[in-house]
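Worksheet: the structure to be examined is printed underneath.
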Amino acid sequence: MTDASPDPLAEIRREIDRIDEAMHLLLMERGAVIDRLVSVKRTSETGSAFRPAREADMMRRLASRHQGRLPLATAEHLWRTIIATFTHVQAPFTLHVEQGADALAMHDLARFHVGFDVPLQGHGTASRVVAAVAGSTGDLGLVRLDPAPVAAWWETLGGDGPQVMARLPFFGANGHPASAPALVIARPLGEAGVREITVWAVSDDGEGGAIDGGETLATVVRNGRRSRLVAVAGGEAPVAGAVAVGGYASPLGART
Ligand SMILES: O=C(O)C(=O)C[C@]1(C(=O)O)C=C[C@@H](O)C=C1
């Protein structure tokens, strides 16, 4: 190579530097826009800046435009971190994480979605996660979706108390780096919630079979009573007496 010939490696690195700088400048610009958003958004009404319907919409658009060498899960993780960090900037919160079984997988799931600016607090049971969210102003909870848990932790959800707000992972679980199935719990968020899928607490004597068109997420049978957590598309109660305990945006690639 003579002095006059361009160095292709240096050329490519200059291009990478240009892109990195543009991305960094855009992220800082995003932070300034969030400052403006804070003044028009009435976060103080619920104490939480978490907007699950908006996030589902953003994640769907991210997935639909994604292509190329960068794995989709990496792009998802980057944006989840950005969004969770800006959620925390608007209204600080703690993420309460069930860490009984699969503690490492739950920790991975939590960090994948909120990065490192949001503090985590571990709890031994799902019921404790729900209680921590109930006793907070705007904290969130992450509960493992165990089909046969030790307690029907969902029985205290609904009404003015904590509710199911999202289901994770949002992108198809196959091969996902943080694939522990889980539900996000929050206190009511008004119009910010999304119920493409409604989650119901169904209690009966255990005689009936599966609920038509529903996905049974968890079941506990105790003292002749069966308590089920059932997810159903739409908003219609699957059986008489079912109690709505939240809902979520249909995960991409989900069967429901
Ligand atoms: O759109 C909002 O309401 C925001 O607060 C912004 C933002 C984001 O950073 O994009 C942050 C938190 C919400 O959960 C959704 C989106």
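Counting with UniProt numbering, you get residues 1 to 256 for the letters of the sequence shown.
Quick reminder that beta carbons are idealized off the backbone N, C-alpha and C, glycines included.
Here residue 17 carries a helix assignment [DSSP, helix/strand/coil].
Taken from the Cβ of residue 51, at least one heavy atom of ligand 1 lies inside 6 angstroms.
The C-alpha of residue 43 is placed about 31 angstroms away from the C-alpha of residue 172. The residues 221, 224, 225, 226, in chain order, have a CB closer than 8 angstroms to that of residue 206 in the same chain once the five nearest residues on each side in sequence are set aside. As the crow flies, the alpha-carbon of residue 25 is around 10 angstroms from that of residue 19. Restricting attention to alpha helix (DSSP H) runs no shorter than 4 residues, the stretch 110-167 encloses them at 126-134, ordered along the chain.
Beta-bridge annotation (DSSP): residue 182 is paired with 144, 168. By the beta-carbon neighbour count (other beta carbons within 10 angstroms, threshold 16), residue 31 is exposed. When only Cα atoms are considered, residue 103 and residue 183 end up about 15 angstroms apart.
With a cut-off of 8 angstroms on Cβ pairs, the stretch 91-101 is in contact with the stretch 110-128, counting three or more such pairs. Distance from the CA of residue 231 to the CA of residue 144, rounded to the nearest whole angstrom, comes to 15 angstroms.
Per DSSP, residue 89 is one residue of the alpha helix (DSSP H) stretching across 72-90.
In the DSSP assignment, residue 5 falls outside any beta strand (DSSP E), carrying neither H nor E. Judged by beta-carbon spacing, residue 88 lies within the 7 angstroms limit of residue 118, meaning their Cβ atoms are closer than that value.
With a threshold of 6 angstroms, the Cβ atom of residue 55 counts as near ligand 1, since some heavy atom of the ligand is closer than that.
Excluding the 5 residues flanking it on each side, residue 160 has same chain C-beta neighbours closer than 7 angstroms at 188, in chain order. Around the beta carbon of residue 67, a 10 Å sphere encloses fewer than 16 other beta carbons of the protein chains shown; the residue is thus reported as exposed. According to DSSP, residue pairing for residue 229 in a beta bridge involves 201, 218. Within the same chain, Cβ atoms closer than 6 angstroms to the Cβ of residue 114 are found at 84, 95, the five residues on either side in sequence being excluded. According to the DSSP assignment, residue 63 belongs to the alpha helix (DSSP H) that extends over 52-65. Inclusion of residue 158 and residue 243 in the CB contact set at 7 angstroms is warranted, their separation being smaller than that value. Within the same chain, Cβ atoms closer than 6 angstroms to the Cβ of residue 196 are found at 249, 250, the five residues on either side in sequence being excluded. Restricting attention to 111, 108, 93, the CA atom closest to the CA of residue 140 is found in 93.
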